[in-house]
Structures are given as C-alpha cells and as structure tokens.
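Each position in the sequence shown, counted from 1, maps to that position plus 39 in our numbering.
For every residue, glycine included, the Cβ atom is placed at its ideal position computed from N, Cα and C.
Presented below is the structure to which this report refers.
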Amino acid sequence: MRGAARATVGCARAGKVLQDARFQVLLWRAKDCQARGELSPWGLACLAWSVAALQLERTWLRSIATDSAIHICQFNARQLASLAWALASCPAGAESPVLEAISKHGLKIIPTFGHQELSSTMWAFATLAWRPRDFISAALAASQHQ
C-alpha cells in the first residue's frame with residue numbers, strides 16, 4: 040500500500056485530474072487498503088493529506104482520522120503534523136477525540152518536533168480552535184530551544 044499512498048500524494052501535488060480512470064483505480068485501492076487495516080501511520084498520514092489537498096470526500100477523511108487515532112502512538116512528529124494539517128484543511132474531518140489523541144501523543148514526543156512540524160501542528164490547532172494547553176505550552180518551550 041505504501042506505493043498507493045505515495046502515488047496519491049504525488050497526484051495531489053501535481054494537481055492531476057480526478058476524473059482520470061487510473062487515479063480512480065488508485066483511490067479505490069487506497070480505500071480498500073484502509074478498510075482492511077493495511078495502512079501504516081505513514082500511509083494514513085499521507086492519505087489524509089492527499090484527501091484534504093484534493094478536497095475529496097469528507098467522510099473518508101473522518102474515517103482516516105478515526106483509524107489514525109487508534110494507532111496514534113505509532114505516529115512520529117511529521118505524521119502527526121500532516122494529519123493535523125489535513126484535518127484543519129478540511130474541518131468537517133476534525134473531531135475532538137482525534138484532536139485529543141494528536142495533542143496527547145504530540146506532547147509525549149514534542150522533543151522530536153522540528154520547526155515545520157511545530158508550526159504546522161500549531162496552525163492546525165489554531166484553525167480548528169482547538170486549545171490543548173499542555174501541548175501549546177510544550178510547543179512554545181520547544182520552539183525557544185531549537
């Protein structure tokens with residue numbers, strides 16, 4: 040599935056036409072792999088980013104977010120930031136349990152966040168009006184020490 044997740048990101052970045060039959064097959068494969076629980080945290084984060092960037096089905100993004108929350112402890116800083124960005128870019132996909140999971144796990148791994156991950160995650164939380172005080176305090180402290 041890693042190839043399908045990578046291909047959806049590539050298509051999203053290249054602005055490929057959604058009506059292309061090959062892209063539709065790719066989307067079907069990605070949905071199928073997600074439904075079978077075959078996506079790694081990297082695959083889930085990339086798929087969430089792609090679905091948001093391409094403005095695809097919001098219900099699909101919610102489903103990806105729910106699956107991500109189950110495996111959130113396996114996400115690294117970049118994957119958390121990508122997931123948070125996707126949810127903020129398509130707000131209908133954001134629900135409190137997912138945001139809570141991102142902020143709680145993010146707090147545990149805050150030392151691994153670089154500037155990009157910190158800024159993306161903080162932007163996402165601000166856009167969604169999500170205010171996890173402990174995460175915000177830790178992110179501000181981490182940014183001053185980088």
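Sequence-distant residues of its chain with Cβ nearer than 6 Å to Gln113 (five each side left out): Its chain contains Pro80 as the residues whose beta carbon lies nearer than 6 Å to that of Gln113, once the 5 sequence neighbours on both sides are disregarded; these appear in chain order.
Whole-angstrom distance between Leu126 and Met161, CA atom to CA atom: Distance from the CA atom of Met161 to the CA atom of Leu126, rounded to whole angstroms, is 12 Å.
Cα-Cα separation between Ile111 and Asp59, rounded to whole angstroms: Straight-line measurement puts the Cα of Asp59 at about 33 Å from the Cα of Ile111.
Member of Leu157, Thr166, Leu167 and Trp169 whose CA lies at the smallest distance from the CA of Ala177: When each option's Cα is compared against that of Ala177, the closest is Leu157.
Under the three-state DSSP convention, the category Gln63 falls into: Gln63: helix per DSSP, three-state reduction.
Inter-residue spacing [alpha-carbon to alpha-carbon] between Leu100 and Trp124: For the pair Leu100 and Trp124, the Cα-to-Cα distance works out to about 12 Å.
DSSP-derived helix/strand/coil call for Trp80: This sequence places Pro at residue 80; Trp is not what is there. Secondary structure at Pro80: helix, using DSSP grouped into helix, strand and coil.
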